[in-house]
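Enquirer:
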Amino acid sequence: PSCFPPLLKIGVFPDAIDAELRRIFQLVDVDELAATPPLRREIEGIITRSNYRISEELLEQLPNLRIIATNGVGYDGIPMAYARNRGIVVTNTPEVLDQAVAELAIGLLLAMLRHLPQADRYVRSGAWQAAAFPLGTSLAGKRVGIVGLGRIGKEIARRLLAFDLEIAYFGRRRQAVDWPFFDDLKGLASYADILIVCCPGGPNTYRIIDAQVLNALGPAGVLVNISRGSVVDEQDLYEALKGKAISGAALDVFDQEPLVDSPLSDLDNVILTPHIGSATRETRLRMAALAIDNAIDNLTRYFNTGQATTPVAG
Ligand code: 8YV
């Protein structure tokens, strides 16, 4: 039996992680909560995943909620102003997933430039017997614009340096790096051949990648998004891809997830992956361990001192 109050679990966790959570906490899922209203007063913590949205209405039902521990780095799915007003601590699992997300960004970029999904299909279909596969584009010598030079953006830049290219970045402020800083996203898009979107989701970055930015990126331009679907105006992106205003896009995140019946699926100049940025065994186990430690540490620290260990600044 757990020495902690019941924890509301939102989202599906891999079996190993779910088992570890149940070893430590009495977990309640959303259906059980709905079926047993008295449980609402007992819930003092939530453990969730960063690609789930939590409504204020749900939090309203939990009068004694004190902490929301998300398994992931993004917390744009959590009503932060509401949580702050209620004094609810929000914790996340930063850093442990930076490498995995950066690796996916590089992989998606190379797959896009060298048309790897199409090349695989080309061989399997037997088309190779009739003609050579069309030429791709080199990464070397290109200008890569990083939208959001945070921890993940810096991990991507660190890897890109091995490809003999130029890096520039857009963000809220200039940083102590040698690369050109753009405080205007259209300016970065005009400069760059490639844009890699790795800024947080949320109101400050909502649809900042729009038709104007995509037109500035230009007909040879490539967009990679491993951040949040909300950062890109998806309709503008579809029009830009369909009308060849940009050359192509590789997307791991979308306005609505999972992606269902999207016209993006009909285009051959887009690569679509199912929000797998942090989805490696090693990373997810580390994230879960950190999320569980955060939850335990924050729960115990909070109950003992009224202070949290790792609140997010949101
Ligand atoms: C989570 C995410 O990592 O970390 C984030 O912000 O976007 C997600 O990939 C994943 O859902 C694990 O909880």
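For the sequence shown, the positions run 4 to 317 when full-length UniProt numbering is used.
Built from N, CA and C at the ideal position, the CB exists for glycine as well.
1) With a 10 Å radius around its C-beta and 16 neighbouring C-beta atoms as the bar for buried, classify G185 as buried or exposed.
2) Quick check: does the Cβ of N207 come within less than 7 Å of any heavy atom belonging to the ligand 8YV?
3) Under 7 Å from any heavy atom of the ligand 8YV, does the C-beta of R162 make it?
4) Just to check, is the beta-carbon of V216 closer than 7 Å to a non-hydrogen atom of the ligand 8YV?
5) May I have a chain-ordered list of the alpha helix (DSSP H) segments no shorter than 4 residues that lie completely inside the region 142-182?
6) Excluding sequence positions up to five away, which residues of its chain have a Cβ less than 8 Å from the Cβ of P4?
7) Whose C-beta lies closer than 6 Å to the C-beta of K12 among residues of the same chain, with five residues either side of it excluded?
8) With DSSP collapsed to three states, give me the class of D269.
9) Taking 7 Å as the cut-off, does the CB of G90 come closer than this to any heavy atom belonging to the ligand 8YV?
10) Using a threshold of 7 Å, is the CB atom of V76 nearer than that to any non-hydrogen atom of the ligand 8YV?
11) Can you check the region 40-94 for any alpha helix (DSSP H) of at least 4 residues that lies completely inside it and give the ranges in chain order?
12) Three or more C-beta pairs under 8 Å: does that hold for the region 192-204 against the region 69-85?
13) When DSSP labels each residue in this structure, what does A195 get in the three-state scheme?
14) Under the rule that 16 or more other beta-carbon atoms within 10 Å means buried, what is E237, buried or exposed?
15) With three or more beta-carbon pairs closer than 8 Å as the criterion, would you say the region 226-245 touches the region 83-96?
16) Buried or exposed for N67, please, with buried defined as at least 16 other CB atoms from any protein chain shown within 10 angstroms of its CB.
17) State the Cα-Cα distance for the pair S250 and P222, rounded to the nearest angstrom.
18) Can you look up D32 in the DSSP assignment and give me helix, strand or coil?
19) Report buried or exposed for residue 318, applying the criterion of at least 16 other Cβ atoms within 10 angstroms of its Cβ.
20) Name the DSSP bridge partner or partners of K247?
21) Closer than 7 Å to a non-hydrogen atom of the ligand 8YV - does that hold for the CB of N54?
22) Can you tell me which of N95, L100, V180, L10 puts its alpha carbon nearest to the alpha carbon of R287?
23) Can you give the Cα-Cα distance for D239 and A214, rounded to whole angstroms?
24) Taking C-alpha atoms, which residue in L112, S53, A294, P97 lies nearest to T140?
25) Of the residues A72, R117, E35, which one's Cα is nearest the Cα of N297?
26) Examine the ligand 8YV and report whether any of its heavy atoms sits within less than 7 Å of the Cβ of M115.
Expert: From the atom records:
1) For the record, residue 185 in the displayed sequence is Phe; it is not Gly. By the beta-carbon neighbour count (other beta carbons within 10 angstroms, threshold 16), F185 is buried.
2) Checking every heavy atom of the ligand 8YV against the Cβ of N207, none is found closer than 7 Å.
3) Incorrect: R162 has no Cβ contact closer than 7 Å to the ligand 8YV.
4) For the ligand 8YV, not one heavy atom lies less than 7 Å from the Cβ of V216.
5) Entirely contained in the region 142-182, the alpha helix (DSSP H) runs reaching 4 residues are, in chain order, 154-163.
6) Because P4 carries a pLDDT of 47, less than 50, the predicted location of this residue cannot be relied on, and no value is offered for it.
7) These residues qualify, in order along the chain: L30, D32, I50.
8) Here D269 sits in helix by DSSP.
9) Because no heavy atom of the ligand 8YV lies under 7 Å away, the Cβ of G90 does not count as near it: no.
10) Distances from the CB of V76 to the heavy atoms of the ligand 8YV include at least one below 7 Å.
11) For the region 40-94, whole alpha helix (DSSP H) runs of length 4 or above, ordered along the chain, are 59-63, 83-89.
12) The count of Cβ pairs closer than 8 Å, one atom from the region 192-204 and one from the region 69-85, reaches three, so the stretches are in contact.
13) The answer is coil: DSSP assigns A195 none of H, G, I, E or B.
14) Label assigned to E237: buried.
15) With the cut-off at 8 Å, the region 226-245 and the region 83-96 do not touch.
16) Classification for N67: exposed.
17) Cα to Cα, the separation comes out at about 5 Å.
18) Strand at D32.
19) Outside the modelled stretch of the chain, which goes from 4 to 317, sits residue 318, for which no answer is possible.
20) When beta bridges are read from the DSSP output, K247 appears opposite no residue.
21) Look at N54: its beta carbon is less than 7 Å from one of the heavy atoms in the ligand 8YV.
22) Just measuring C-alpha positions, the residue of N95, L100, V180, L10 sitting nearest R287 is L100.
23) Between D239 and A214, the C-alpha separation is close to 5 Å.
24) It is L112.
25) Comparing Cα positions, the closest option is A72.
26) No, Cβ of M115 sits at least 7 Å from all heavy atoms of the ligand 8YV.
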